[in-house]
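Sequence lines, in order, name chains A and B. Under the working numbering, the letters of the first sequence match residues 1 to 417, in that order. Under the working numbering, the letters of the second sequence match residues 418 to 834, in that order. Using N, Cα and C, we set each Cβ at its ideal position, and we do this for glycine too. Here the structure is a predicted model, which is why all the values come from computation and not from measurement. Notes for the one structure printed next.
Number of protein chains: 2
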Amino acid sequence: MRIEIICTGDEVLTGKITNTNFSYMAQKLEDAGLSVHWGTTVGDDREALLTAFQLAAGRADAVIVNGGLGPTVDDLSQEVAAQAAGVELVLHEAWLARMQDFFARRMRAMPPNNVKQAMLPATAEMLDNPVGTACGFALDIGKARFFFTPGVPRELKRMLEEQVIPRILARSGAPASIYLKRFHSYGLGESHVDQLLTGVEALDPDGGVKLGFRAHYPQLETKLTVRGTDMDDVRRKLAPVTAEVRKRLGNFIVAEDDETLEGVTLAALTALGATLTLVETFTAGQIAARIAHLSGAETVFRHGTVSRHLDHLFGVALPRESDQDTTEAVARAAREQTNATHALAVLVELDEGADRIDFGGTIWIGISTAERTAFRRSRILGGREWVRLGAVELALDCLRRFLEGLPVVERIDFEKV
Amino acid sequence: MRIEIICTGDEVLTGKITNTNFSYMAQKLEDAGLSVHWGTTVGDDREALLTAFQLAAGRADAVIVNGGLGPTVDDLSQEVAAQAAGVELVLHEAWLARMQDFFARRMRAMPPNNVKQAMLPATAEMLDNPVGTACGFALDIGKARFFFTPGVPRELKRMLEEQVIPRILARSGAPASIYLKRFHSYGLGESHVDQLLTGVEALDPDGGVKLGFRAHYPQLETKLTVRGTDMDDVRRKLAPVTAEVRKRLGNFIVAEDDETLEGVTLAALTALGATLTLVETFTAGQIAARIAHLSGAETVFRHGTVSRHLDHLFGVALPRESDQDTTEAVARAAREQTNATHALAVLVELDEGADRIDFGGTIWIGISTAERTAFRRSRILGGREWVRLGAVELALDCLRRFLEGLPVVERIDFEKV
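This is the structure in structure tokens:
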């Protein structure tokens, strides 16, 4: 099954906006076990669009076209699609009615130029857009099935998942059920995780499980794409592989699927009825910024402090070089003085010198509750930004480990020993 | 002059990484008065690469190819370029020596497979890469001049600016000097600024000035691309337009060129020998995270507080609904208790209800010094994230205005009155 993507629009072609729709579509197709073979980007230009459609029609089995379905004169997708397919544009009465209803429910009259969005090539199949006025459509051009989708990301996402991918899967003869299981880990590099997971795909002897990765430093996403005849089959294939991945990556898995490290940490605090105080220095509010705005944080997040004047913190005198006692004392004092059940203190000492790839920093993490204290020291190299990103993630992960009863000190790939 | 871009690599084609190199290149070309006509994305696949090169060679005058210059077997650009041009690969002795030197200075032996990076098509002109081991090269395929560039963004940027764009400009016969002037504004939407700047291009009667925009909500970047016969000519053309843009956008310009809002604010505080204290609620440390980590902030940024338990802040009792007196009292108390010269307090009250597009919040901003106090109240709609982004930007901008002696209260397009 050869699939191509054509992205249209002057804003994308001139780089005015970064084309995140392309990577989104390509990933979603990969997650469904499909692959993109070719990508084309053209502007709002009749001749370029026609050439792009014709070239793709001659090479591909399925083509996803993104953008150009709006109401304005520079939105040309329907018109050029009709031309490429050699058919007329006709009014799609049902979609026109849907649009009129859309405007009526918002107490507005439909502008006349929106009628254009209901003009579809005569041979097209309409693709529903439940969240906008640009309907999509599918039609044959040459030997390929074309799927036209809106450029607005929110509208594209719904249509791709609900309308386009199921149709492409049906044409590809792939099994009916596909499921994507995701693990988010922190502390292990991609090649390390790849090596740790050697052979897990083979736990499904039918070859229905495919392993993949996506790195978002400092986290890594491990993806299992599972194909089966139905969801029961998928679950049967997935269960032993999921168990094995959890066993092999162990404490390094910070979250699964749509969960996040900060979400898991907040949930653990909420479950304990806990309140949290943060103390930050060079991380400069970035730890607070990950957790304090979340829904539910208003009852958990008691207090955050950012200080770059490192003489005293919560009455604790800071020596010239940090040590374990100072870090723990700051965490304890912050917890007591802000009446929180938990405190996390993250002190960072940057090296001297220029901000280069070998520039580093030392990170001192203290966690305090009424019952116990935990401490972690780490060295991270890679420039100021890298040290800061690393310190934020390491601190949140230490708190997660503390709350989950896991060891707070465990060697990670990103630190210098 | 017809220009195409070909991006290569499985990681880009599968969406594993978002293709920011494409938009970067397209913008840099636009800034130089050049336009991209067509973009192609293909994987690390010999046949696809050859087809892409041949198609572009038949259509374009200049083609920029990005990626595939690495030392591993899946890096195919040199090899397929030679095939498309019908020439052999030959060892480029000078680049080999440069690479050997590169490794020697790092006390490492050059791995044998790096030799591959010095194998260039026989007819190629080498393009220098001062920051990596992948040299670029230019050669003719069909009627087009091809420019091969590395995929690593940092290496691409240097080579594009220093090697590729000057060569394309020389071929296009465009004037020798091109300059890009940028203004960053906050508070006015793109169409509003476009309307305010009507006619400024005409201040250069030769048509050498081109106006453009790039929106990064909540900021807007206004760009003037100026072409002249030399830099004196550029300066002469630019001066009246720059003065006019500054006059028309006035207080809304937060920074120019490579400056940022937070950098300008930090510089103003530094110039005063001032120290800063921040108090945040729903913005959750995101204001601190913009400014407290910057170089130089260690002497200016005294203290940041994030609280989501809104009963007391610095001893000030918070009423159920915020008011001007409370906000100003919090700023004053925070300044006094942390021994800072300046305090910025940003209280946010979210509306009740679900997080939808019409969900909003009220923002209360107080600024305090020993001599004076400033206050700003604003309403922003658009969902939780939108309110938070808006509150962070509005607060930083109020502080900038305060420090620059401009009115802190001035109507912006993004607020609901």
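With burial defined as no fewer than 16 other Cβ atoms inside 10 Å of the residue's Cβ, what is the status of residue i: buried or exposed?
{"i": "R257 of chain A", "result": "It is Asp, not Arg, that sits at residue 257 of chain A in the sequence shown. With fewer than 16 other Cβ atoms within 10 Å, it is exposed."}
{"i": "Q495 of chain B", "result": "buried"}
{"i": "I357 of chain A", "result": "exposed"}
{"i": "M25 of chain A", "result": "buried"}
{"i": "D772 of chain B", "result": "exposed"}
{"i": "Q195 of chain A", "result": "exposed"}
{"i": "H633 of chain B", "result": "exposed"}
{"i": "Q324 of chain A", "result": "exposed"}
{"i": "S712 of chain B", "result": "exposed"}
{"i": "T40 of chain A", "result": "buried"}
{"i": "L220 of chain A", "result": "buried"}
{"i": "L646 of chain B", "result": "According to the sequence shown, residue 646 of chain B is Thr rather than Leu. Exposed is the call here."}
{"i": "K21 of chain A", "result": "What sits at residue 21 of chain A in the sequence shown is Asn, not Lys. It is buried - the Cβ of N21 of chain A has at least 16 other Cβ atoms within 10 Å."}
{"i": "R756 of chain B", "result": "Strictly speaking, residue 756 of chain B in this sequence is Asn, with Arg absent from that position. N756 of chain B is exposed by the Cβ-count criterion."}
{"i": "N530 of chain B", "result": "exposed"}
{"i": "N518 of chain B", "result": "At residue 518 of chain B the sequence reads Asp, which differs from the Asn that was named. By the neighbour-count rule (16 or more Cβ atoms within 10 Å), D518 of chain B is not buried but exposed."}
{"i": "S608 of chain B", "result": "exposed"}
{"i": "L878 of chain B", "result": "No statement about residue 878 of chain B is possible, as the shown extent of chain B runs from 418 to 834 and does not include it."}
{"i": "P570 of chain B", "result": "exposed"}
{"i": "P121 of chain A", "result": "buried"}
{"i": "R145 of chain A", "result": "buried"}
Within the same chain, show all residues whose beta-carbon is closer than 6 Å to that of residue i, passing over the 5 residues directly before and after it, in chain order.
{"i": "L278 of chain A", "result": "I287, A288, G304, L344"}
{"i": "S785 of chain B", "result": "A748, R749, R752, A760"}
{"i": "L764 of chain B", "result": "T698, S739, T744, W781"}
{"i": "R227 of chain A", "result": "G33, P175, I178, G208"}
{"i": "T779 of chain B", "result": "E766, R796"}
Have a look at the DSSP bridge pairing and note the partners of residue i.
{"i": "Q517 of chain B", "result": "For Q517 of chain B, which the question treats as bridged, DSSP gives no partner whatsoever."}
{"i": "Q612 of chain B", "result": "DSSP lists no partner for Q612 of chain B."}
{"i": "W386 of chain A", "result": "According to DSSP, W386 of chain A bridges with nothing at all."}
{"i": "N483 of chain B", "result": "B:C424, B:T566"}
{"i": "R644 of chain B", "result": "B:I595"}
{"i": "T694 of chain B", "result": "B:H720, B:A760"}
{"i": "V507 of chain B", "result": "B:L537"}
{"i": "R652 of chain B", "result": "DSSP lists no partner for R652 of chain B."}
{"i": "Y603 of chain B", "result": "B:Q636"}
{"i": "R214 of chain A", "result": "A:E221"}
{"i": "V626 of chain B", "result": "B:V643"}
{"i": "A561 of chain B", "result": "B:I558"}
Please return the same chain residues whose Cβ sits closer than 7 Å to the Cβ of residue i, not counting the five positions on each side in sequence.
{"i": "D621 of chain B", "result": "K654, V658"}
{"i": "I708 of chain B", "result": "E679, T682, L683, A714, F718"}
{"i": "W512 of chain B", "result": "A535, M543, C552"}
{"i": "G487 of chain B", "result": "A551"}
At a cut-off of 7 Å, would you count residue i as near the ligand ZN, judging by its Cβ distance to the nearest heavy atom?
{"i": "H633 of chain B", "result": "Looking for the ligand ZN in the displayed structure turns up nothing, as the structure carries no ligands at all."}
In chain order, what residues of the same chain lie with their CB nearer than 8 Å to the CB of residue i, ignoring the 5 residues before and after it?
{"i": "D31 of chain A", "result": "I178, L180, K223, T225"}
{"i": "L446 of chain B", "result": "I420, S452, V453, I582, I585"}
{"i": "M576 of chain B", "result": "L544, D545, N546, G553, T566, P567"}
{"i": "M648 of chain B", "result": "S594, Y596"}
Next on the checklist: Any C-beta of chain A within less than 9 Å: which residues of the region 437-454 of chain B qualify?
Outcome noted: The region 437-454 of chain B vs chain A, Cβ under 9 Å: T437, F439, S440, Y441, M442, A443, Q444, K445, L446, E447, S452, V453, H454.
Item to check | Where the region 691-713 of chain B meets chain A: residues whose CB sits under 7 Å from a CB there | outcome: Legend: CB atoms of the region 691-713 of chain B lying less than 7 Å from CB atoms of chain A belong to residues F699, A701, G702, Q703, A705, A706, A709, H710.
Checklist entry - Listed from N- to C-terminal order along the chain, which residues in the region 569-587 of chain B have their beta-carbon within a distance smaller than 8 Å of any beta-carbon of chain A? => result Under the 8 Å Cβ criterion, the region 569-587 of chain B contributes no residue.
Item to check | Unbroken stretches of the beta strand (DSSP E), 3 residues or longer, contained in the region 95-142 of chain A | outcome: When DSSP assignments are scanned along the region 95-142 of chain A, the uninterrupted stretches of beta strand (DSSP E) that are 3 or more residues long and fall wholly within it turn out to be 119-121, 125-127, 136-141.
Item to check | Against chain B: residues of the region 37-53 of chain A by CB proximity under 9 Å | outcome: Within the region 37-53 of chain A, the qualifying residues are H37, W38, G39, T40, T41, V42, G43, D45, A48, T51, A52.
Checklist entry - When you check each C-beta in the region 649-660 of chain B against every C-beta of chain A, which residues fall closer than 7 Å? => result So the list is empty, because no residue satisfies the distance condition.
Next on the checklist: Along the region 173-190 of chain A, where does the CB come closer than 8 Å to a CB of chain B? Name the residues.
Outcome noted: The region 173-190 of chain A vs chain B, Cβ under 8 Å: nothing.
Checklist entry - Using a Cβ cut-off of 7 Å, which residues of the region 385-409 of chain A contact any Cβ in chain B, in chain order? => result Within the region 385-409 of chain A, the residues whose Cβ lies closer than 7 Å to some Cβ of chain B are R388, listed in chain order.
Next on the checklist: List, from N- to C-terminal side, the beta strand (DSSP E) runs of 3 residues or more that fit wholly inside the region 250-274 of chain A.
Outcome noted: If you keep only unbroken beta strand (DSSP E) runs of at least 3 residues inside the region 250-274 of chain A, you get 253-256.
Checklist entry - Counting only runs that start and end within the region 726-804 of chain B, where is the beta strand (DSSP E) found for 3 or more residues in a row? => result If we require 3 residues or more, the beta strand (DSSP E) runs fully inside the region 726-804 of chain B come out as 759-767, 777-785, 790-798.
Item to check | Where the region 303-328 of chain A meets chain B: residues whose CB sits under 9 Å from a CB there | outcome: Across the region 303-328 of chain A, CB contacts with chain B closer than 9 Å involve H303, G304, T305, V306, S307, R308, H309, L310, in sequence order along the chain.
Next on the checklist: If the cut-off is 7 Å on Cβ atoms, which residues from the region 630-642 of chain B count as contacting chain A, listed in chain order?
Outcome noted: In summary, the residues of the region 630-642 of chain B whose CB is separated from some CB of chain A by less than 7 Å are R631, in the order they occur in the chain.
Next on the checklist: In chain order, what are the residue ranges of uninterrupted beta strand (DSSP E) at least 3 long that sit wholly in the region 24-52 of chain A?
Outcome noted: As far as the region 24-52 of chain A is concerned, its whole beta strand (DSSP E) runs of at least 3 residues are 36-42.
Next on the checklist: Can you pull out the residues from the region 2-15 of chain A whose beta carbon lies closer than 9 Å to at least one beta carbon of chain B?
Outcome noted: For the region 2-15 of chain A, which is checked against every Cβ of chain B, the residues closer than 9 Å are I5, C7, V12, L13, T14, G15.
Item to check | Interface residues of the region 485-500 of chain B facing chain A [CB-CB below 8 Å] | outcome: Listed by position, the residues of the region 485-500 of chain B near chain A (Cβ gap below 8 Å) amount to none.
Checklist entry - Taking Cβ-Cβ distances below 7 Å as the criterion, which residues of the region 759-782 of chain B are in contact with chain A? => result If the cut-off is 7 Å between Cβ atoms, the region 759-782 of chain B has nothing near chain A.
Checklist entry - If contact means a Cβ-Cβ distance below 8 Å, which residues of the region 517-528 of chain B contact chain A? => result So the list is empty, because no residue satisfies the distance condition.
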